Amino acid sequence: MSANMIVRRIAPVWVFVLLAGLSSTAQATPQIKHWTLDNGARVFFVESHEIPMVQITAVFDAGAARDSGEKSGLATLTNRLLREGAGQLNADEIAVAFEDKGAEFATDSQRDMAIASLRSLSDRDLLMPSVTLFAQILAAPTFPEKSLERERQRALIGLQQNAQSPGDLAGIAFYRALYGTHPYAQRPEGTQDGLKAVVRDDLLAFHRRYYAGSNAVLAIVGDVSMREARRIARDVLGGLPQGERAPAIPPVPDPDPSVSGKPQRISFPSTQSHILMGEAGMTRNDPDYFPLYVGNYVLGGSGLVSRLSDEVREKRGLSYSVYSHFVPMRERGPFSMGLQTRNKESQRALQVMRDTLEKFVADGPTEKEVGDAKKNLSGGFPLRLDSNGKIADNLAMIGFYGLPLDYLDTYIERVEAVTVQQVRDAFKRRIHPAHMVTVIVGGADR
Amino acid sequence: MFLMRIGVLLLGVWLVGCSQVYETTLDNGLKIVVKEDHRSPVVVSQIWYKVGATSEPKGLSGISHVLEHMMFKGTTKHKPGEFSRIIAENGGRENAFTGRDYTAYFQQLEKSRLAVSFELEADRMHNLLLQEDEVRKEVQVVMEERRLRTDDEPEAQLYEKFIATAYQVHPYRDPIIGSMQDLQNLRIEDLRAWYQRWYVPNNATLVVVGDVRPNEVFALARKYFASIPRGKLEPVQIPAEPAQKELRRVSVALPAEVPNLLMAYHVPQVTGQSGEWEPYALQVLTNVLDGGDSARFSKELVRGTQVVASLNTEYSPHAPFPVLLLFSATPSNGHTVADVEKAVRAQIERIKSEPVSEAELKRVKAQVVAGDVYARDSVFYQAMRIGLLETIGLRWQLIDDSVARIRSVTAEQVQKVAKKYLNEDNLTVGVLNPLPLSGTKKKPARAPLGGDHVR
Chain D
605 MSANMIVRRI APVWVFVLLA GLSSTAQATP QIKHWTLDNG ARVFFVESHE
655 IPMVQITAVF DAGAARDSGE KSGLATLTNR LLREGAGQLN ADEIAVAFED
705 KGAEFATDSQ RDMAIASLRS LSDRDLLMPS VTLFAQILAA PTFPEKSLER
755 ERQRALIGLQ QNAQSPGDLA GIAFYRALYG THPYAQRPEG TQDGLKAVVR
805 DDLLAFHRRY YAGSNAVLAI VGDVSMREAR RIARDVLGGL PQGERAPAIP
855 PVPDPDPSVS GKPQRISFPS TQSHILMGEA GMTRNDPDYF PLYVGNYVLG
905 GSGLVSRLSD EVREKRGLSY SVYSHFVPMR ERGPFSMGLQ TRNKESQRAL
955 QVMRDTLEKF VADGPTEKEV GDAKKNLSGG FPLRLDSNGK IADNLAMIGF
1005 YGLPLDYLDT YIERVEAVTV QQVRDAFKRR IHPAHMVTVI VGGADR
Chain L
11 MFLMRIGVLL LGVWLVGCSQ VYETTLDNGL KIVVKEDHRS PVVVSQIWYK
61 VGATSEPKGL SGISHVLEHM MFKGTTKHKP GEFSRIIAEN GGRENAFTGR
111 DYTAYFQQLE KSRLAVSFEL EADRMHNLLL QEDEVRKEVQ VVMEERRLRT
161 DDEPEAQLYE KFIATAYQVH PYRDPIIGSM QDLQNLRIED LRAWYQRWYV
211 PNNATLVVVG DVRPNEVFAL ARKYFASIPR GKLEPVQIPA EPAQKELRRV
261 SVALPAEVPN LLMAYHVPQV TGQSGEWEPY ALQVLTNVLD GGDSARFSKE
311 LVRGTQVVAS LNTEYSPHAP FPVLLLFSAT PSNGHTVADV EKAVRAQIER
361 IKSEPVSEAE LKRVKAQVVA GDVYARDSVF YQAMRIGLLE TIGLRWQLID
411 DSVARIRSVT AEQVQKVAKK YLNEDNLTVG VLNPLPLSGT KKKPARAPLG
461 GDHVR
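Residue numbers (this note's numbering), protein chains in the order written: chain D, 605 to 1050; chain L, 11 to 465.
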């Protein structure tokens, strides 16, 4: 919560960290250098000297999709406890060592990715000690018992906080209903039972299995030379064993056509109902990626100018935020549509959302809509690469999902090549309005 | 040795910062500030109006924010929604935000599209159409926004009540989004008057950061904005908050799972006066307590005694009026909000009774210097900093100045501000007491639609 709360006109619906790429005009896309360490770690580097800083992001195939159901939350606890001890250093010493140098160490654990990153000034006397420490944290974390107990308790409180938020509850129920027994049903935040079941040996084993060279990608962006980047890469990840790549995640099954799409209702004492509706969407490497992406822009991915926004918000004033998005993942991430409205309007809002989707899938977008979408996606491309931080995110995404090195260079032409027919065809094949998972969390619709 | 390096680096930052910012003011009073950043072929354009929740009279809470929404709803030249559509077609992103002391609009674009943004912003600065049916629908949208952000969020409900307790008189006590009741009663004539009063070039600052040449930006701005007539600005009388004389407590009981504690002291803001040091000492103090994993709160209260599950400190000194040093905390399981309050107050007493260590000071300063460099990685954030300072009556030069000022803060000064401001009679404490969620079939104990947040 912020004392100077800023009220924005549109809720940020950019769950799509859809690092697109490419520049049509003057500026070339960043020159990506790529190499592989002896232990199999794949390194991606962009040299950029304008600001005296370096961003280093390590990504492991060690997200919540790797959790077992009985220990749901293990991947996140492992990731979160990296900073709690390494080699001879305890959590206090690690924190001081980074922060004395003005460096920032961060971790994040999602369904696919487990991330650890370092931001530092490029002054070598400040940078290199942090690089050494970063390496130690990744290679030799100690996972102290006491830290596990504390972080477990904090994670449990996080779950309680989810339970008092209708939006969080809707998201949890949606994923559960959508993915059933597939690993993507598991939340990175874990479950009460799962968190309680984790013991220190689980952390050690999880780390040993997944925080390995062949399971890692490293992105380096900033004010260092190629030679220095090579050294940094070796320093940061070179100490990891080669290990083994994580096994493939099973494909997400198609929706059961016998499923009626009847909404699942969860009663909650709130003034609004949160509605989520969707199905398994697309993978990061999906052959339909570009048609679905461009089409979704028209349907609900473009903020206030999308069809959903026009129907639900602009014409009827039913919701502050309304959107559709794809979350492209290793296997099919969700396609979802969402809104929040006063309880008594929930039926009407749901109907408008459904009608808008059905019409879109049946008729497809117009020529003009697809043209406008392409103009935005290609014209706005430079905005996706305008900082070291964003470039590092792009590199990590390209590396993690094994996208081609010229992904950014060809992005605009691939967007521009999308036709109305392709969008219509892709949505007809991939999106099934009659068989979607629908979740409504809120008060009675009186 | 370490400090030396920082010194050299700092000088570099300062020179870069200064050499790239240019400003001019048009005859109609529109101030334009341009910062060059040639790393990427992009530009961000922001226009900041000096109006926000603080200027709103009784009964019109939320009007600045509703007007912000209406600014996308059509002018004499462009139909409702066309603003957003044109920006989107040009590959842009756009949005707006309302604060206590400002209302701001922005577009992020490929650099050659800057004129598109200027044409549209100039148009809606002067030609806004406020139509009855559009207002009616948009107020519904804002009410949904309020339900989403506040009414269904127990911690936000506590905050609303808390802030109205910490401030008894000053309008910082009022919610930016407005009360439900005021939103329901809002009339189109009020919006028209608000627009005519505040949306004039001499009440605005245009900030442009990106791959641009200042002279070209100035010429472009002149082309689109120069013909808009200056307005007559009548200052609003803002009542000063009287000094707090005794500890205040407030609590709410709501369906929730997790208790929450807020604690705040009234403290000074940055005024820009020469020799001013208190706000900078308070920034250092904030960082000693909560500037990262090595700071005292994390070390002592999260990892040490484990009294808290999470604890955040906020001090945003860039404001035209005195602000709060605010602590927001969640107790860990097995501890109460009373335990947390005690622990936080003990930490404050420690700051008062013993000087912070040299090592802590050095660490905070290294973080501030580095943070200033990291801030330059975002074109958008650079524009935000300039726009905010200019809008609240400070100058953009202060951005570079603040780093130097923070670097000169001493341990003694940190102790002094703590002793002067962090006292019990200047403290407000707010508590969220959870009521059971399950079994609560009906709405929370809140007045029906239209009731204010105060229960």
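Where a beta carbon is used, it is the ideal one built from N, C-alpha and C, also for glycine.
From a predicted model like this one, the values you see are computed outputs, not experimental measurements.
Within this structure, are the beta carbons of residue i and residue j separated by less than 8 angstroms?
i, j, result
"Ile198 (chain L)", "Leu140 (chain L)", "yes"
"Leu742 (chain D)", "Ala720 (chain D)", "yes"
"Asp303 (chain L)", "Asn322 (chain L)", "no"
"Ala701 (chain D)", "Pro733 (chain D)", "yes"
"Ala106 (chain L)", "Ser906 (chain D)", "no"
"Leu987 (chain D)", "Val52 (chain L)", "yes"
"Val219 (chain L)", "Val383 (chain L)", "no"
"Leu168 (chain L)", "Gly440 (chain L)", "yes"
"Glu5 (chain L)", "His180 (chain L)", "Beyond the ends of chain L as shown, which are 11 and 465, falls residue 5 (chain L); an answer cannot be given."
"Ala884 (chain D)", "Pro938 (chain D)", "yes"
Spatial neighbours of residue i within its chain, please: C-beta separation below 7 angstroms, excluding the five flanking residues on both sides.
i, result
"Leu725 (chain D)", "Pro656, Met657, Gly706 and Leu731"
"Val650 (chain D)", "Pro634, Gln635, Ile636, Val825, Ile995 and Leu999"
"Trp200 (chain L)", "For clarity, residue 200 (chain L) is Asp in the given sequence; the question names Trp instead. Leu70 and Ile73."
"Trp208 (chain L)", "Tyr59 and Val61"
"Pro855 (chain D)", "Glu935"
"Ala166 (chain L)", "Arg159 and Thr160"
"Gly899 (chain D)", "Pro969, Val1027, Ala1030 and Phe1031"
"Asp839 (chain D)", "Val735, Thr736 and Ala739"
"Pro249 (chain L)", "Val179 and His180"
Within the 8 angstroms Cβ cut-off, does residue i reach chain L?
i, result
"Ile761 (chain D)", "yes"
"Asp712 (chain D)", "no"
"Thr887 (chain D)", "no"
"Leu908 (chain D)", "yes"
"Glu703 (chain D)", "yes"
"Ser940 (chain D)", "no"
"Ala823 (chain D)", "no"
"Ile655 (chain D)", "yes"
"Gly984 (chain D)", "yes"
"Gln1053 (chain D)", "Residue 1053 (chain D) lies beyond the residue range present for chain D, which begins at 605 and ends at 1050; the question has no answer from this structure."
Who are the Cβ neighbours of residue i in its own chain at under 6 angstroms, not counting the five residues just before and after it?
i, result
"Val902 (chain D)", "Pro969, Glu973 and Ala977"
"Leu989 (chain D)", "Ile995"
"Ser338 (chain L)", "Leu272 and Asn322"
"Ala174 (chain L)", "Arg183"
"Gly17 (chain L)", "Any reading at Gly17 (chain L) is ruled out, since the residue's pLDDT is 33, under 50, leaving its predicted position unreliable."
Below 8 angstroms on the Cβ atoms is my contact criterion, and I expect residue i with residue j to pass it. Report the Cβ-Cβ distance as a whole number of Å.
i, j, result
"Arg599 (chain D)", "Thr875 (chain D)", "The shown model of chain D, from 605 to 1050, leaves out residue 599 (chain D), and the question about it has no answer."
"Leu77 (chain L)", "Gly101 (chain L)", "Contact flag wrong, Cβ pair sits at about 27 angstroms."
"Gly91 (chain L)", "Gly62 (chain L)", "25 angstroms between Cβ atoms; not a contact."
"Pro67 (chain L)", "Val268 (chain L)", "Their Cβ separation, rounded to whole angstroms, is 37 angstroms, which puts Pro67 (chain L) and Val268 (chain L) out of contact at 8 angstroms."
"Lys375 (chain L)", "Arg417 (chain L)", "5 angstroms"
"Arg780 (chain D)", "Ala668 (chain D)", "With 8 angstroms as the limit, Arg780 (chain D) and Ala668 (chain D) do not qualify as a contact, their Cβ atoms being about 13 angstroms apart."
"Leu943 (chain D)", "Ser94 (chain L)", "Between Ser94 (chain L) and Leu943 (chain D) the Cβ distance is about 18 angstroms, and since that is not below 8 angstroms, they are no contact."
Within a Cβ cutoff of 8 angstroms, which residues of the same chain sit near residue i, ignoring the five residues on either side of it in sequence?
i, result
"Gln279 (chain L)", "Pro289, Pro327, His328, Ala329, Pro330, Phe331, Pro332 and Val333"
"Val222 (chain L)", "Val44, Glu46, Val53, Lys121 and Leu124"
Beta-carbon of residue i versus every beta-carbon of chain D: anything under 8 angstroms?
i, result
"Lys89 (chain L)", "no"
"Ala376 (chain L)", "yes"
"Arg258 (chain L)", "no"
"Lys309 (chain L)", "yes"
"Tyr275 (chain L)", "no"
"Pro289 (chain L)", "no"
"Glu267 (chain L)", "yes"
"Lys147 (chain L)", "yes"
"Ala98 (chain L)", "yes"
"Gln293 (chain L)", "no"
- prompt: Can you list the alpha helix (DSSP H) stretches of 4 or more residues lying completely in the region 388-453 of chain L, in chain order?
  reply: Whole alpha helix (DSSP H) segments, 4+ residues: 389-401, 408-417 and 421-431.
field: Those runs of the alpha helix (DSSP H) which lie wholly inside the region 695-752 of chain D and span at least 4 residues
entry: Contiguous alpha helix (DSSP H) elements confined to the region 695-752 of chain D occur at 695-704 and 728-743, taking only those with 4 or more residues.
query: Which whole runs of the alpha helix (DSSP H) in the region 813-868 of chain D are 4 residues long or more, in chain order?
result: You should have 830-841.
task: Could you name each continuous beta strand (DSSP E) segment of 3 residues or more that falls completely within the region 313-380 of chain L, going from the start of the chain to the end?
output: List check, beta strand (DSSP E) in window: 318-324 and 333-341.
- request: Can you check the region 75-109 of chain L for any alpha helix (DSSP H) of at least 4 residues that lies completely inside it and give the ranges in chain order?
  value: DSSP runs (the alpha helix (DSSP H)) wholly in the region 75-109 of chain L: 92-99.
- request: Give, in chain order, every unbroken run of the alpha helix (DSSP H) that is at least 4 residues long and sits entirely within the region 920-986 of chain D.
  value: For the region 920-986 of chain D, whole alpha helix (DSSP H) runs of length 4 or above, ordered along the chain, are 950-967 and 971-983.
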